[in-house]
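**Student:** First residue of the sequence shown? That's -2 in the working numbering, and the numbers climb one at a time after it.
The beta carbon of each residue, even a glycine, is placed where N, CA and C say it ideally should be.
Remember, it's a predicted structure, so these values are computed and weren't measured experimentally.
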Amino acid sequence: MAPDRLKARLGLIELRSPLIAASGTVGSVWEWAEVADLSPYGAAVAKSVAPVAWPGRPAPRLAPAGPGMLNGIGIQNPGIEAWVETMAPRLPTLDVPVWGSAVGETPDEFAMVAKSLVGAGVPVVEVNLSCPNLEDGRMFSMDASSAGDVIRAVVSNCEAPVGAKLSPNADDIVGVSTACIEAGATFVTLTNTALGFGIDPRTGRPLLSGGVGGYSGPGLKAISLRCVYEVARALPGIPIVGCGGVMTGLDVVEYLLAGASAVAMGTVHLAEPRAGKRIVRELTRELERRGVTVPELVGEVMPW
Ligand SMILES: Cc1cc2nc3c(=O)[nH]c(=O)nc-3n(C[C@H](O)[C@H](O)[C@H](O)COP(=O)(O)O)c2cc1C
């Protein structure tokens, strides 16, 4: 049972812990539940799912890159119908609220997936806006009006709270976040991976078959943290899930101080599937040392 000082709140969503397992890094959640204790987490986000199966990119699609890693999975997923068939019966058996994650190529596709996710029993839908818009090939999350169109379509088609997961590559992260909140999102997740690229100097070939991919892990933290800090300052009180490069309890503290109300962690699970237990222990120790609760740290970054 998580101690009271860990309780977190994201708008109207109550969490027993501020730790969230990030989409795509804990499989379909139920396989991960076979090896890890899920009680340290307030929620786990399932892998993003599209209206129909996406095959993903060919190997190689994961590669170490300095202090982080590159992935070019291409959002491989079985399509919403198959997802609902395998996941719906399992959701109530897991010791953590499992949130859905929707992707699509048009606002209507996102809305259709979100509606089915909620029908299958997920309490919250995160909208993965880091995928290309069929209209212009740019990521929805690069542009306030495209991101807002998707969130509006999703919110008007599903009963559950909706989160907008954004890209650190957006020129104007405050503008995109504002558009998503105005369109009805309950929270923003800052951030998804950053665009990245690497070359194997021995072969001269890109590290990933798809060339450019998503960069995650410790090297991402300063970039995602900047997004959280700027959005929290521009839009005080907006519910934010911080995400990017969290490896320790002190990383979580940094995100809370910058203005996140909850913190998602992804890459750390690939090397350490049971990381939640360690990180929650480190976080609890730090909260006790300071004599504060999680909500009391949110946005408390000190001025110089
Ligand atoms: C292998 C891999 C697969 C991912 N798949 C998804 C996905 O399906 N949907 C999504 O919204 N984010 C996905 N992400 C992004 C993570 O959820 C997270 O936002 C990102 O990796 C930054 O956090 P981290 O540095 O803690 O990993 C994926 C990341 C990795 C490394």
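Given the structure, does CYS224 come close to ligand 1, in the sense that its CB is under 7 Å from one of the ligand's heavy atoms?
**Tutor:** Checking every heavy atom of ligand 1 against the Cβ of CYS224, none is found closer than 7 Å.
**Student:** For a test of your reading of the model: does the CB of SER143 fall under 7 Å from any non-hydrogen atom of ligand 1? Yes or no.
**Tutor:** SER143 Cβ: outside cutoff for every heavy atom of ligand 1.
**Student:** Within its chain, find whatever has a CB closer than 7 Å to the CB of ALA150; leave out the 5 residues flanking it on each side and keep chain order.
**Tutor:** Closer than 7 Å at the Cβ level, and outside the excluded window around ALA150, lie PRO104, ASP105, PHE107, ALA108.
**Student:** Provide the residue span of the beta strand (DSSP E) that contains VAL185, from first to last.
**Tutor:** That run of the beta strand (DSSP E) goes 184 to 187.
**Student:** Between LEU67, GLY145, TRP51, which has its C-alpha nearest GLY214's C-alpha?
**Tutor:** Measuring from the Cα of GLY214, the nearest candidate turns out to be LEU67.
**Student:** So, with DSSP's three-state summary, where would you put GLU11?
**Tutor:** Three-state DSSP puts GLU11 in a strand.
**Student:** How many angstroms separate the CA atom of CYS177 from the CA atom of VAL277?
**Tutor:** Using only the alpha carbons, I get a separation of about 30 Å.
**Student:** Determine the direct distance from the alpha carbon of PRO94 to that of LEU294, and round the result to whole angstroms.
**Tutor:** So the two alpha carbons sit approximately 24 Å from each other.
**Student:** Just how far apart, CA to CA, sit THR90 and VAL23?
**Tutor:** Near 16 Å, if we compare the C-alpha coordinates of VAL23 and THR90.
**Student:** For LEU247, is the classification buried or exposed, using 16 other Cβ atoms within 10 angstroms of its Cβ as the cut-off for buried?
**Tutor:** Burial call: exposed.
**Student:** Please classify GLY101: is it buried, with 16 or more other beta-carbons within 10 angstroms of its beta-carbon, or exposed?
**Tutor:** It is buried - the Cβ of GLY101 has at least 16 other Cβ atoms within 10 Å.
**Student:** Which residues share a DSSP beta bridge with ARG6?
**Tutor:** Paired residues: GLU11.
**Student:** Enumerate in chain order the residues of its own chain whose CB-to-CB distance from ARG135 is below 7 Å, with the five nearest sequence positions on each side excluded.
**Tutor:** Counting only Cβ-Cβ distances below 7 Å, and skipping sequence neighbours, we find PRO129.
**Student:** Within a Cβ cutoff of 8 Å, which residues of the same chain sit near PRO292, ignoring the five residues on either side of it in sequence?
**Tutor:** Result list for PRO292: LYS4, ALA5, ARG6, SER258, in chain order.
**Student:** For THR200, count neighbouring Cβ atoms within 10 angstroms of its own Cβ and tell me buried if that reaches 16, exposed if not.
**Tutor:** Looking at its Cβ environment, which holds fewer than 16 other Cβ atoms inside 10 Å, THR200 is exposed.
**Student:** Since VAL57 and LEU205 should fall inside the 8 Å C-beta cutoff, what is the C-beta to C-beta distance between them, to a whole number of angstroms?
**Tutor:** A small fix is needed here, since residue 57 is Pro in this sequence, not Val. PRO57 to LEU205, Cβ: 6 Å. Contact.
**Student:** Examine chain D for any beta-carbon lying closer than 8 Å to the beta-carbon of ILE178, and answer yes or no.
**Tutor:** In the structure shown, chain D cannot be found, because there is only a single protein chain.
**Student:** Looking at the unbroken beta strand (DSSP E) that takes in GLU123, where does it start and where does it end?
**Tutor:** It spans 122 to 125 - the beta strand (DSSP E) in which GLU123 sits, taken as one unbroken run.
**Student:** With distances taken from CA atoms, which of VAL225, ALA219, PHE194, VAL289 is nearest LEU59?
**Tutor:** Out of VAL225, ALA219, PHE194, VAL289, PHE194 has the C-alpha closest to the C-alpha of LEU59.
**Student:** My understanding is that VAL260 touches GLY239, with C-beta atoms under 8 Å, so please give their C-beta distance in whole angstroms.
**Tutor:** Right, the Cβ-Cβ distance comes to about 5 Å (below 8 Å), so this counts as a contact.
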